[in-house]
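Have a look at the structure below, then the notes.
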């Protein structure tokens, strides 16, 4: 991605010049990026982001750690698993790839999802992770806002399951299956980001948590960490080793 590195440099230089003319501080330059430092394109081979240019020119990069699985595949899966022992498609691996590729933790802002991904199950009696599906369970692209998920779960008496390995939730009722994050999984991921010394985290998107139920939990959790210095056992060295 040589040209992307040149683009970052061009933008940075333009912002520096603009700041001198206006005699003000330079505007921030950030970039939303893939969850992994390397993108594997079918037929074209892997392509890696320009780590040195990101390090030099961006104030931070924001890996989008979600959309790991969706109704484009005919099997259920987690939207934003923190871990997946069977695959590299998870946040732990993705953030680790950025750090190993040379982007410092303090240049990374980790993405968190306030929405889930839905499927219509092929067989409602086969409803675990990886169950066969026939498409999305919504009229859109299969996505469902967090507040809509809570409403669905309540109105349909859905079975709600927390997967301790993936650090993510799923629920199902009838032929509808939803993979998503709730307060406990989001809080764990915030602790993960903080313990690695990341610049921070962002939500996509705050408007999907209309009553602030998840975001308020995370604010309380961050306050607790600041008081007690608890890092949940995560370390930067354990990730890159």
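In my numbering, the protein residues as written are 1 to 241.
Cβ atoms here follow ideal geometry from the backbone N, Cα and C, with glycine treated the same way.
Using DSSP with H/G/I as helix, E/B as strand and the rest coil, what is residue i?
| i | result |
| --- | --- |
| residue 176 | strand |
| residue 103 | coil |
| residue 82 | coil |
| residue 39 | strand |
| residue 97 | helix |
| residue 87 | coil |
| residue 62 | strand |
| residue 45 | strand |
| residue 234 | Residue confidence for residue 234 is low, a pLDDT of 44 falling below 50, so the modelled location carries little weight; the figure read from the coordinates is stated next. In this structure, residue 234 counts as coil in the three-state DSSP scheme. |
| residue 241 | Confidence in residue 241 is poor, its pLDDT being 39 and thus under 50, which makes the residue's placement too unreliable to answer from. |
| residue 197 | coil |
Between which two residues does the alpha helix (DSSP H) holding residue i run?
| i | result |
| --- | --- |
| residue 21 | 2 to 22 |
Would residue i and residue j be called neighbours here (beta carbons separated by less than 7 Å)?
| i | j | result |
| --- | --- | --- |
| residue 83 | residue 19 | no |
| residue 62 | residue 32 | yes |
| residue 76 | residue 177 | yes |
| residue 109 | residue 199 | yes |
| residue 27 | residue 59 | no |
| residue 66 | residue 79 | yes |
| residue 36 | residue 97 | yes |
| residue 201 | residue 112 | yes |
| residue 12 | residue 49 | no |
| residue 181 | residue 168 | yes |
| residue 158 | residue 173 | yes |
| residue 247 | residue 42 | This structure cannot speak to residue 247, because the chain is shown only from 1 to 241. |
| residue 124 | residue 175 | yes |
| residue 153 | residue 171 | yes |
| residue 106 | residue 122 | no |
| residue 1 | residue 40 | no |
What are the start and end residues of the beta strand (DSSP E) that includes residue i?
| i | result |
| --- | --- |
| residue 32 | 30 to 34 |
| residue 57 | Careful: residue 57 lies outside any beta strand (DSSP E), inside the alpha helix (DSSP H) at 51 to 57. |
| residue 200 | 200 to 204 |
Kindly say whether residue i, judged by its beta-carbon, lies nearer than 7 Å to any beta-carbon of chain B.
| i | result |
| --- | --- |
| residue 120 | Here there is only one protein chain, and chain B is not present. |
Discussion item. As an exercise, report each continuous beta strand (DSSP E) stretch of at least 3 residues that is fully enclosed by the stretch 109 to 182, in chain order.
Written reply: Within the stretch 109 to 182, the complete beta strand (DSSP E) segments at least 3 residues long are 109 to 113, 115 to 120, 143 to 145, 159 to 163, 168 to 173 and 176 to 180, listed from N- to C-terminus.
Worksheet item: Pairing CB atoms from the stretch 63 to 75 with CB atoms from the stretch 111 to 129, are three or more of them under 8 Å?
Response: Touching, yes, given that three or more Cβ pairs across the two stretches are closer than 8 Å.
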